[in-house]
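*Asks:* Order-wise, the sequence lines are chains A, B and C.
Take full-length UniProt numbering: the last position of the first sequence gets the number 402, and nothing is skipped along the way.
Take full-length UniProt numbering: the last position of the second sequence gets the number 402, and nothing is skipped along the way.
Take full-length UniProt numbering: the last position of the third sequence gets the number 402, and nothing is skipped along the way.
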Amino acid sequence: MMVCTALVFFMHTGFAFLEIGLTRQKNTINILFKNIFIITVGLLMYYIGGFNLMYPGEFNGFLGFAGFGLETDAAGLTPEYADGGYTYWTDFLFQGMFAATAATIVSGAVAERIKIGPFMVFTIIYVGLVYPIVGSWQWGGGFLSTLGGDDAGFYDFAGSTLVHSVGGWGALIAIWLLGSRIGKFDEDGKPKAIPGHNNPLATAGVLVLWLGWFGFNGGSVLSGDPALTSLVLTTTSLAAAAGGVSAFLVSTLAYKNYDLTMFLNGILGGLVGITAGADLMSPNEAVVIGLIAGAIIVGGVALIDRIRLDDPVGAVTVHLICGIWGTLAVGIFGDKAGMDQFLYQLTGVGAAGVFCIVTAAIIILALKKTVGIRVSREEELEGLDIHEHGMDAYSDFRLNQH
Amino acid sequence: MMVCTALVFFMHTGFAFLEIGLTRQKNTINILFKNIFIITVGLLMYYIGGFNLMYPGEFNGFLGFAGFGLETDAAGLTPEYADGGYTYWTDFLFQGMFAATAATIVSGAVAERIKIGPFMVFTIIYVGLVYPIVGSWQWGGGFLSTLGGDDAGFYDFAGSTLVHSVGGWGALIAIWLLGSRIGKFDEDGKPKAIPGHNNPLATAGVLVLWLGWFGFNGGSVLSGDPALTSLVLTTTSLAAAAGGVSAFLVSTLAYKNYDLTMFLNGILGGLVGITAGADLMSPNEAVVIGLIAGAIIVGGVALIDRIRLDDPVGAVTVHLICGIWGTLAVGIFGDKAGMDQFLYQLTGVGAAGVFCIVTAAIIILALKKTVGIRVSREEELEGLDIHEHGMDAYSDFRLNQH
Amino acid sequence: MMVCTALVFFMHTGFAFLEIGLTRQKNTINILFKNIFIITVGLLMYYIGGFNLMYPGEFNGFLGFAGFGLETDAAGLTPEYADGGYTYWTDFLFQGMFAATAATIVSGAVAERIKIGPFMVFTIIYVGLVYPIVGSWQWGGGFLSTLGGDDAGFYDFAGSTLVHSVGGWGALIAIWLLGSRIGKFDEDGKPKAIPGHNNPLATAGVLVLWLGWFGFNGGSVLSGDPALTSLVLTTTSLAAAAGGVSAFLVSTLAYKNYDLTMFLNGILGGLVGITAGADLMSPNEAVVIGLIAGAIIVGGVALIDRIRLDDPVGAVTVHLICGIWGTLAVGIFGDKAGMDQFLYQLTGVGAAGVFCIVTAAIIILALKKTVGIRVSREEELEGLDIHEHGMDAYSDFRLNQH
């Protein structure tokens, strides 16, 4: 569990690499700053209140709070806390590393045009309140976990819905309210590709994320049970591989081009897709879930373009659409498949969706109406780095010195 | 074992960094694409058939196959599978991460001039068939493992021969049939250095590979035995350090220059060299093996140049020559040293060599005669990225914006 | 412990990224070379003599030596070695990874102007002799560990003083004797910012260091005790987050600018600050220690500039000043707080300081008076890469190819 916590922490490096790799150089510092802000403030927010909002103990199933800060009563801190599986501190830290992920997903989608101040406010509220409340509905023992009575209900192993779609809904609302980057759509609304500035870092980012998913899904077994943990790692990796290959094949057929970013997003799609049921699937089922997720990636990216939304890193497709797919897949494949389960899954997707859409819209609209959420045209064209941070990402970079 | 699997997976990030760092910018996307292809397709091929080809159970010692896909019978999946050491799933995933390595080694050697389609075909066959068949001869309980009767035979702890030389032989045949990059040799056959475009990433790649070797060798203990595992990590790290220092000293003496890439390749040479006997050596022996490997690196790189082969990343020297050195070293140093063992080692090196040379030559020649394996002169000069992938690695990169 | 060793090893990647990211492109190869040298030679020096100098067994409390090389008597190598916690090999390798850290800290401070030969000599002596001698005073059971009798004394959990301040004192002396980079101070002594060339790598470096600290502090528990280890990971991460946020807030208030490098150094300051007492603090105390460390970072960087010292990466502030702060904090907060303990802490800080200042000054002055320690003006202006290594870090880098 502690090793997994370290791996999930390392995912933030992956997110940062991916995000700056796929965006323009002039906004690199800004994106790095946002990511560092999310990691540090996200963890502190989770410490101050998020953890006890997500795991409130006995509560009404919708909203509960166990108080500020962490326990310091030594008695509760040993592994007996979780029947020998892990300690209270591990629990907090592992979950805290997850919490920041939701805001990071939004960060990628709104890159290159959002004002940093309002984004910080959004992050604090979304990580500090929205994410843990949704989480409490299932992982905290809330109403989603008992939809079908004491023994049945919504199932989301490691967060296709509770982490990825929560971030994805926030991203969708944010890019809708924020508008597209200057130059993304021409006068007729035709999308134009805005290439990123550092594909090696983007590729490294995806590999780091895959590595981190070993911790994300492996640690979500919440015990060292080697049979189940190793099955989870196997289904996770096979879904990732299948997602990548599928997106590669579909995009090559569709666009006659070996597109690296589709391959990469396909891997991420496969990972998000398997996350809800990584412990329920056979290897064959994991491959099928990945293959479908990869195809969804290619279609989803085209769809987002079609509806004139601007998502520089494909966050909505990867985290929201594949998150929904993975959640529903639990009702279609694997040990829990069945119509009842499918309906529980649909309910969970819907409940999280409605809550996230409403809260994200309220937060962002409030910010938009007051301080504004978008940088000036001049700042967007010249880059956020120099305007908000007074520095370039590679200011000393020179060519062919000798 | 599961942590080690994660570390071995992470080695692919190291390989990707090393390979793009030491090559030219215009082929970066192509190399990243190949690496991502290898990881994903390699894992799927190993899932479909490779694992059961490598571990066929009872077989004739040369070729056996236990069927497609993985077991799903729950009874066999617990740690009892391996006397408590690890589970069936862990076994598959750990070995699957190794499998892709062989193709990655070839990828570096043929970089900057091979057609991507034929390379994909080669990868599928080499990872899917050649690697697991050679592996079955030893790790699957085949004829190499019983050369000296039931209790003695070839020894290759973590794959100096079975992984590194298998990749190395493929690389040697491939660069011989493929020819050198335009500009590598002048009219008199004198080699010219073609510097890479990103030495920081190359350095990071070597450090990530060293980290990954903690999993590669540490996990090959195939149990959590702390005494042996920690000895293996110690010999591995000491050989890496000695290999680096040795290559640095020899190359500084030979060329009057503090050559970073020699230092880096020396570390890799030390790592490959210790891999066959990491569990048999004392720390002093590990240092000696590393020191010799480092010297081999400097000599090997000069030799490859001398015979007019073009290996942009030094893959043949690192993986093949040091792989052979490490395999033979098991007969010279450590717990198994002796003339009989030396001959077993030589037999293993020879058997793997002949099989890899023949199969690699057949695959590559068949591809060469049919679809061709080399890109056009125009494509090579302008870069594979724009021709095969329609994008630049750093397309938005700008200098001194403000 | 072994996983932690791997993570501590990985910190060297973090240091390398941070250091090259914050310095100029023309010295990148030089910095990478120095870092690779430190890792490999540091480990070998620790193997040859450092380990037995640091853990001499029974000794006079000031200086002892248990002989060259490592034990190879199998009996002593099992986990019984440390009451079941870890093996002799793990002990060596984990401590060996620490040893190199001290020299890496110096490396960052003297970057861009030190001659590589003398730096290598300094590294060999400092890692091989100075670091292990100071370490033996506490971790080897020396006089600092028994300042207050058998049961009380100086306390430094994972090395705020024994690792970080040892490196920090060396860095301080080195930059004082070496002088500032050309252009760092104008004629009136006013400091000028010399921006680094690769902020994404610098950011990645800090995240990798944070990850590595999971091993640095987590492994320093020296057993798998889950309750204490998980508490240590929690205090470590909370202090890092608090340090970053504090430095961000203070620097934003002071300079009206969202400064990424202050945020990053704040995280490092928090990590160094918690290192001495990570196992003694409650989460709240960890946050307070981090908040103060973050503020110290902003003030310390300004102070170093004010006294006209040139520390390109802020090593003295991060490792020395925050190292002292963290050490003293053990006497102020947590389970050992009290005036006696505070005086023990002060004594440890002072003893390490005096010894490091004297030895570093002797080594560096001797080098300065003989071979010289500073590159020529021409070399500094044109870059160390081309002069000492004959290569550029990104020699093939091109813009907008198509």
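Where is the CB? At the ideal position from N, CA and C, for every residue including glycine.
Distance cutoff 8 Å, beta carbons only. Does W213 (chain B) sit that close to anything in chain A?
*Replies:* Not one chain A Cβ lies under 8 Å of W213 (chain B).
*Asks:* P312 (chain B) bridges to which residues according to DSSP?
*Replies:* Answer is none; P312 (chain B) lacks a bridge partner.
*Asks:* Applying the criterion that 16 or more other CB atoms from any shown protein chain within 10 Å of the CB defines a buried residue, is M339 (chain C) buried or exposed?
*Replies:* M339 (chain C) sits exposed, since fewer than 16 C-beta atoms from the chains shown fall within 10 Å of its C-beta.
*Asks:* Is P118 (chain C) helix, strand or coil when you go by DSSP?
*Replies:* helix
*Asks:* Go ahead and pull the three-state DSSP assignment for R374 (chain B).
*Replies:* strand
*Asks:* Count Cβ pairs between the region 311-328 of chain B and the region 263-274 of chain B that sit closer than 8 Å; are there 3 or more?
*Replies:* yes
*Asks:* Which of the three DSSP states is assigned to F68 (chain C) in this structure?
*Replies:* coil
*Asks:* Got a sec: which bits of the region 52-66 of chain B sit with their beta carbon under 7 Å from any beta carbon on chain F, in order along the chain?
*Replies:* The structure shown contains no chain F; its protein chains are A, B and C.
*Asks:* Grab me the residues of G142 (chain C)'s own chain with a C-beta within less than 6 Å of its C-beta, minus the 5 sequence neighbours each way, in chain order.
*Replies:* In the same chain as G142 (chain C), and ignoring 5 residues on each side of it, the C-beta atoms closer than 6 Å to its own belong to G61, S136, in chain order.
*Asks:* Whole angstroms is fine: what's the gap from Y55 (chain B)'s alpha carbon to M45 (chain B)'s?
*Replies:* 14 Å
*Asks:* Return helix, strand or coil for P132 (chain C), following the three-state DSSP convention.
*Replies:* helix
*Asks:* Can you list, in chain order, the residues of its chain whose CB lies under 6 Å from that of L264 (chain A), leaving out five sequence neighbours each side?
*Replies:* V206
*Asks:* In chain order, what residues of the same chain lie with their CB nearer than 8 Å to the CB of F185 (chain B), ignoring the 5 residues before and after it?
*Replies:* P191, K192, R308, D310
*Asks:* Let me confirm a value: L63 (chain A) is counted as buried when at least 16 other C-beta atoms fall within 10 Å, else exposed. Which label applies?
*Replies:* exposed
*Asks:* At what residues does the alpha helix (DSSP H) containing E285 (chain A) begin and finish?
*Replies:* 283-306
*Asks:* Answer yes or no: does any C-beta atom of chain A fall closer than 8 Å to that of T123 (chain B)?
*Replies:* no
*Asks:* Identify, in the order they occur along the chain, each residue of the same chain with its Cβ nearer than 8 Å to the Cβ of I332 (chain A), setting aside the five sequence neighbours on each side.
*Replies:* F342
*Asks:* Taking Cβ positions only, does T252 (chain A) come closer than 8 Å to chain C?
*Replies:* no
*Asks:* Cβ atoms of E388 (chain C) and I20 (chain C): under 8 Å apart, would you say?
*Replies:* no
*Asks:* Does I267 (chain A) have its Cβ less than 8 Å from a Cβ in chain B?
*Replies:* yes
*Asks:* What does the alpha-carbon distance come out to for the pair Q95 (chain C) and F51 (chain C)?
*Replies:* 8 Å
*Asks:* Tell me which residue opens and which closes the alpha helix (DSSP H) that L7 (chain A) is part of.
*Replies:* 2-21
*Asks:* Can you give me, in chain order, the residues of the region 193-207 of chain B that have a beta carbon less than 7 Å from any beta carbon in chain C?
*Replies:* P195, G196, H197, N198, N199, P200, T203, A204, L207
*Asks:* Can you tell me which of the three DSSP states F37 (chain B) falls into?
*Replies:* helix
*Asks:* Below 8 Å, can you find three or more Cβ-Cβ pairs linking the region 205-222 of chain C to the region 233-244 of chain C?
*Replies:* yes
*Asks:* With a threshold of 7 Å, establish whether the CB of V318 (chain B) neighbours any heavy atom of the ligand GDP.
*Replies:* What this structure holds is no ligand at all, so the ligand GDP is not there to describe.
*Asks:* Just how far apart, CA to CA, sit I304 (chain A) and T317 (chain A)?
*Replies:* 8 Å
*Asks:* State the DSSP-derived secondary structure class of P200 (chain A), mapped to helix, strand or coil.
*Replies:* helix
*Asks:* Considering only the alpha carbon of each residue, which of B:T370, B:I362, B:F33 lies closest to V173 (chain B)?
*Replies:* The sequence given here places Ile at residue 173 (chain B); Val does not occur at that position. In this structure, B:I362 is the residue among B:T370, B:I362, B:F33 with its C-alpha nearest to the C-alpha of I173 (chain B).
*Asks:* Is the shortest distance between the beta-carbon of S376 (chain B) and the beta-carbons of chain C less than 8 Å?
*Replies:* So, not an interface residue.
*Asks:* Take the Cβ of I182 (chain A) as the centre, count every other Cβ of all protein chains shown within 10 Å, and call the residue buried at 16 or more, exposed below.
*Replies:* Exposed, because fewer than 16 other Cβ atoms sit within 10 Å of the Cβ of I182 (chain A).
*Asks:* Along chain A, in chain order, which residues have C-beta atoms closer than 7 Å to that of Y258 (chain C)?
*Replies:* F33, I116, E388, H389
*Asks:* Whole angstroms are fine: how far does the CA of V106 (chain B) sit from the CA of V375 (chain B)?
*Replies:* 17 Å
*Asks:* Tell me which same chain residues have a C-beta within less than 8 Å of the C-beta of residue 430 (chain B), skipping the five on either side of it?
*Replies:* Missing from the structure shown is residue 430 (chain B); chain B here goes from 1 to 402 and no further.
*Asks:* Beta-carbon separation of L177 (chain A) and K368 (chain A) under 8 Å?
*Replies:* yes
*Asks:* Are the CB atoms of G67 (chain C) and V127 (chain C) nearer to each other than 8 Å?
*Replies:* The Cβ-Cβ distance between G67 (chain C) and V127 (chain C) does not fall below 8 Å.
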